[in-house]
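>
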Amino acid sequence: MKRVYVNEQWCLGCHLCEYNCAFANSGLNDMVKALKGKPIFPRVHIEEADGITYAVSCRHCKDPLCVKSCIAGAISIVDGTVKIDKEKCVGCLTCVLVCPYGAVAPGPTGAAQKCELCLENSCGAPACVTGCPNNAIVYEER
Amino acid sequence: MAEYVIIGNGVAAAGCVEGIRSTDTRGNITVISAEKYPVYSRPLISYYLEGKTTLEKMNYRPEDFYEKNNVKLVYARAESIDRENGKVVLDNGKKLCYDKLCLCTGSSPFVPPFEGLDMVKKQFTFMTVDDTLALEKALTKKSRVLIVGAGLIGLKCAEGIAERVGEITVCDLADRVLSSIYDNDCAAVMQEHLEKHGIRFMLGDTAVKFDKNKACMKSGAEVGFDILVLAVGVRAGTGLAKDAGIEVNRGIVIGKDMSTSVPGIYAAGDCSEGYDSSIGANRVLAILPNAYMQGHAAGVNMAGGQADIKDAIPMNSIGFFGLHSVTAGSYPADAEIVEEKHPGSIRRLYIKDDRLAGYIIIGDVSRAGVYTSLVREKTPLGELDADRLRVAPSLALFGAAVRKKKLGGAV
Numbered sequence: 230m231k232r233v234y235v236n237e238q239w240c241l242g243c244h245l246c247e248y249n250c251a252f253a254n255s256g257l258n259d260m261v262k263a264l265k266g267k268p269i270f271p272r273v274h275i276e277e278a279d280g281i282t283y284a285v286s287c288r289h290c291k292d293p294l295c296v297k298s299c300i301a302g303a304i305s306i307v308d309g310t311v312k313i314d315k316e317k318c319v320g321c322l323t324c325v326l327v328c329p330y331g332a333v334a335p336g337p338t339g340a341a342q343k344c345e346l347c348l349e350n351s352c353g354a355p356a357c358v359t360g361c362p363n364n365a366i367v368y369e370e371r
Numbered sequence: 072m073a074e075y076v077i078i079g080n081g082v083a084a085a086g087c088v089e090g091i092r093s094t095d096t097r098g099n100i101t102v103i104s105a106e107k108y109p110v111y112s113r114p115l116i117s118y119y120l121e122g123k124t125t126l127e128k129m130n131y132r133p134e135d136f137y138e139k140n141n142v143k144l145v146y147a148r149a150e151s152i153d154r155e156n157g158k159v160v161l162d163n164g165k166k167l168c169y170d171k172l173c174l175c176t177g178s179s180p181f182v183p184p185f186e187g188l189d190m191v192k193k194q195f196t197f198m199t200v201d202d203t204l205a206l207e208k209a210l211t212k213k214s215r216v217l218i219v220g221a222g223l224i225g226l227k228c229a230e231g232i233a234e235r236v237g238e239i240t241v242c243d244l245a246d247r248v249l250s251s252i253y254d255n256d257c258a259a260v261m262q263e264h265l266e267k268h269g270i271r272f273m274l275g276d277t278a279v280k281f282d283k284n285k286a287c288m289k290s291g292a293e294v295g296f297d298i299l300v301l302a303v304g305v306r307a308g309t310g311l312a313k314d315a316g317i318e319v320n321r322g323i324v325i326g327k328d329m330s331t332s333v334p335g336i337y338a339a340g341d342c343s344e345g346y347d348s349s350i351g352a353n354r355v356l357a358i359l360p361n362a363y364m365q366g367h368a369a370g371v372n373m374a375g376g377q378a379d380i381k382d383a384i385p386m387n388s389i390g391f392f393g394l395h396s397v398t399a400g401s402y403p404a405d406a407e408i409v410e411e412k413h414p415g416s417i418r419r420l421y422i423k424d425d426r427l428a429g430y431i432i433i434g435d436v437s438r439a440g441v442y443t444s445l446v447r448e449k450t451p452l453g454e455l456d457a458d459r460l461r462v463a464p465s466l467a468l469f470g471a472a473v474r475k476k477k478l479g480g481a482v
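So the protein sequences, as listed, match chains A and B.
Numbering of the first sequence is given in the working numbering, commencing with residue 230 and proceeding in unit increments.
Numbering of the second sequence is given in the working numbering, commencing with residue 72 and proceeding in unit increments.
Below, the structure is given as structure tokens:
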């Protein structure tokens, strides 16, 4: 299946992916209204190591620890995509405890959230990839 | 066609069903459930009382779970295992034949024989949905609640009912809260937070005797209460196994493949005592992720596949009144401790023999799973950016080559 992959040698550290992600998942159609002056909760984040930057988001592991560990049964795999049912999630953050990539974090309501590949929002494909100016994040089969 | 029988209907049992079905789509599976509910998430009972979930949302799997997996769910209690004939005897007199059997019998509250306990009218344990509904019925805005036990169960109960009762006192013979997951200093941070939210503690002290609505403490103090919650501890459900001659220690002893001492019989979850890689020995690891993973591995093996668990570790994610906390691994007395402490938060890394043996974080738990992976995988810290490790968890701890694998390939 197609997943989001990182070419860290191309990452400029511009953080556009974070903004595009937060916007894509806001449910709003005006980026300014969605983001300006508000705390944002992107599902991708930029890390930095010795001047090198790279984006981190859910790997959609084949055998995900978060799915097996969720105490609410709120995380499942649907056609290869790891999804969180935010209605079932109680925000215990066991998924944060077990994710080896640090790719899960609490969202605005306290429920855990992570990249779900923009398959169900208005983008239909990862907004972080579409908006990356330097192809540092790609969405493809590997 | 193989006959699979699973005794118990908790998370380990759900894992076992999914493990079997990942390997054998045809065999017959029967699940024996003593509680009259489909599998639900036991740790959510406190969230239910707090109003953060509902009985419906507590279902661990979708409504069609049993049907979809072609599982026969039997509401009954297993009374004994007839090993010679490969049968499980139920309390309704029926017998179920098995080729492969998995014991997912969980655990139950341990209630010490307190003097006068039988005269306490409103007493509860806090393990099941039924316990929870009974406790909920008794709650009033004026209730004075005494909780015996400052462990995970007692304190989650306290948090769950805090807004619904008058006052809560928690006592524990241990001198700190959450003694199974915290060291002294970290326990003090969480205790202070809980006290700010109105929980009163009597630590190093416990009830020894009850006189109707009064508890007489070891220290000589007396505590009046309307509702008593007993959360002293739990005991693994080993009775059936023991009676059947299966090797039992504190839990049902299992190998890394979840097999018991008797061929064809497996065990998983809170009733079992499996390998804990953080101490290199068997131990009851009564945590939900472990129950699921053990159940799944047992199921795969029962169905003729191969699954071993070699990297199980103790780990917990728990929060109280908005303050999150995660812990993993062990805290060896001779480990180097790397600490970062601020008012209301603390992070402690226990480093030993160039490995992260364990850690405790109260406060900012962001990306803590990176630390957990170092504990689980016993990653040599010499291969990592040691200075960065001490500051915060992130993939920046690893070199570019490792990172390329993690972020650039399918995992």
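No residue lacks a Cβ here, since even glycine has one placed at the ideal position from N, Cα and C.
Computed from a predicted structure; not experimentally measured.
For residue 230 of chain B, count neighbouring C-beta atoms within 10 Å of its own C-beta (all shown protein chains included) and say buried if the count is 16 or more, exposed if not.
It is buried - the Cβ of residue 230 of chain B has at least 16 other Cβ atoms within 10 Å.
> Please state the DSSP three-state secondary structure of residue 383 of chain B.
Three-state result, residue 383 of chain B: coil.
> Going residue by residue through the stretch 364 to 440 of chain B, where are the continuous beta strand (DSSP E) segments of at least 3 residues, counting only ones entirely within it?
Complete beta strand (DSSP E) runs here, min 3: 386 to 391, 394 to 400, 407 to 413, 416 to 423, 426 to 433.
> Return the residue from the list B:279, B:297, B:299 that minimises the CA-CA distance to residue 291 of chain B.
Selected option, being the one with the closest Cα: B:279.
> Using only the alpha-carbon positions, how far apart do residue 317 of chain B and residue 467 of chain B sit?
Taking the straight line from one Cα to the other gives about 48 Å.
> Output needed for residue 343 of chain B: all residues of its chain with C-beta closer than 6 Å, excluding positions within five of it in sequence on either side, in chain order.
Excluding positions up to five away in sequence, the list reads 322, 323, 325.
> Hey, would you say residue 482 of chain B sits closer than 8 Å to residue 439 of chain B, going by beta carbons?
Contact flag unset, no.
> Looking at chain B, is there any beta carbon in it that lies within less than 8 Å of the beta carbon of residue 246 of chain A?
Cβ-Cβ to chain B under 8 Å: no for residue 246 of chain A.
> Is residue 351 of chain A buried or exposed, if buried means 16 or more other CB atoms sit within 10 Å of its CB?
With fewer than 16 Cβ atoms within 10 Å of its Cβ, residue 351 of chain A is classed as exposed.
> Suppose only complete runs of 4+ residues qualify. What are the alpha helix (DSSP H) ranges in the stretch 122 to 174 of chain B, listed by chain order?
Segments of the alpha helix (DSSP H) lying fully in the stretch 122 to 174 of chain B: 136 to 139.
> Using 8 Å as the threshold, is the C-beta distance between residue 90 of chain B and residue 75 of chain B below it?
No, Cβ-Cβ distance for residue 90 of chain B and residue 75 of chain B is not below 8 Å.
> Look at the alpha carbon of residue 470 of chain B and the alpha carbon of residue 348 of chain A, and state the distance between them as a whole number of angstroms.
Looking at the two C-alpha atoms, the distance is approximately 32 Å.
> Use the C-beta contact count for residue 369 of chain A: other C-beta atoms within 10 angstroms, 16 or more gives buried, fewer gives exposed.
Flag for residue 369 of chain A reads exposed.
> By Cβ distance, which residues of its chain are closer than 8 Å to residue 293 of chain B, with the 5 residues on each side in sequence left out?
Closer than 8 Å at the Cβ level, and outside the excluded window around residue 293 of chain B, lie 285, 286, 287.
> I'd like to know whether the C-beta of residue 288 of chain A is nearer than 8 Å to at least one C-beta of chain B.
Taking Cβ atoms only, chain B reaches closer than 8 Å to residue 288 of chain A, which makes this a yes.
> Report yes or no: is there a C-beta of chain B within less than 8 Å of the C-beta of residue 234 of chain A?
Cβ-Cβ to chain B under 8 Å: yes for residue 234 of chain A.
> To the nearest angstrom, report how far apart residue 324 of chain A and residue 341 of chain A are at their CA atoms.
Between residue 324 of chain A and residue 341 of chain A, the C-alpha separation is close to 8 Å.
> Against chain A, does residue 437 of chain B count as a neighbour if the rule is that its beta carbon must be under 8 Å from one of theirs?
Yes, because at least one Cβ of chain A sits closer than 8 Å to the Cβ of residue 437 of chain B.
> Taking the continuous alpha helix (DSSP H) assigned at residue 229 of chain B, which residues delimit it?
Note, residue 229 of chain B: alpha helix (DSSP H), 223 to 232.
> Evaluate the contact criterion for the stretch 199 to 216 of chain B versus the stretch 138 to 146 of chain B: three or more CB pairs, one atom per stretch, below 8 Å.
Output reads no: the stretch 138 to 146 of chain B does not touch the stretch 199 to 216 of chain B.
> For residue 83 of chain B, tell me which candidate among B:96, B:433, B:257, B:102 has the shortest Cα-Cα distance.
Closest option to residue 83 of chain B, Cα to Cα, is B:102.
> Measure how close the beta-carbons of residue 345 of chain B and residue 353 of chain B come, nearest whole angstrom, since I'm counting them as under 8 Å.
Right, their Cβ atoms sit about 6 Å apart.
> My guess is that residue 174 of chain B and residue 79 of chain B are in contact by the Cβ rule of under 8 Å, so how many angstroms apart are they, rounded?
That pair is a contact at about 7 Å.
> Let's test the definition: count the other Cβ atoms within 10 Å of the Cβ of residue 252 of chain A and tell me whether it reaches 16, buried, or not, exposed.
So residue 252 of chain A counts as buried.
> Judging by CA-CA distance, which residue of A:241, A:327, A:359, A:315 is the nearest neighbour of residue 290 of chain A?
Ranking A:241, A:327, A:359, A:315 by Cα distance to residue 290 of chain A puts A:327 first.
> Am I right that residue 261 of chain B and residue 391 of chain B are in contact with their C-beta atoms under 8 Å? What's the rounded C-beta distance?
The Cβ separation is near 7 Å, so the contact holds.
> For residue 289 of chain B, does the three-state DSSP call read helix, strand or coil?
It is coil, neither helix nor strand.
> Taking all protein chains shown into account, decide if residue 96 of chain B is buried (16 or more other Cβ within 10 angstroms of its Cβ) or exposed.
Exposed is the call here.
> Note down, in chain order, every chain B residue with its Cβ under 8 Å from the Cβ of residue 275 of chain A.
Under the 8 Å cutoff, chain B gives no residues; its nearest Cβ is about 10 Å from residue 275 of chain A.
> Below 8 Å, how does it come out for the stretch 235 to 245 of chain A and the stretch 274 to 283 of chain A: are there three or more Cβ pairs, yes or no?
Segments in contact, yes.
> Just to make sure I have the definition right: I need the residues of chain A whose C-beta is within less than 8 Å of the C-beta of residue 115 of chain B. Which are they?
Per Cβ cutoff of 8 Å: 300, 301, 319.
> Against chain A, which members of the stretch 115 to 149 of chain B pass a CB distance test of less than 8 Å?
Listed in sequence order: 115, 118, 123, 124, 128, 129, 130, 131, 132.
> Look up residue 255 of chain B in the DSSP assignment and say whether it is helix, strand or coil.
In this structure, residue 255 of chain B counts as helix in the three-state DSSP scheme.
> Any idea what DSSP makes of residue 215 of chain B, helix, strand or coil?
In this structure, residue 215 of chain B counts as strand in the three-state DSSP scheme.
> So for residue 175 of chain A, helix, strand or coil by DSSP?
The structure shown does not extend to residue 175 of chain A, since chain A is modelled only from 230 through 371, so no value can be given for it.
> Would a C-beta distance cut-off of 8 Å place residue 567 of chain B and residue 243 of chain B closer than the cut-off?
Coverage of chain B is limited to positions 72 through 482, which leaves residue 567 of chain B absent and any answer about it impossible.
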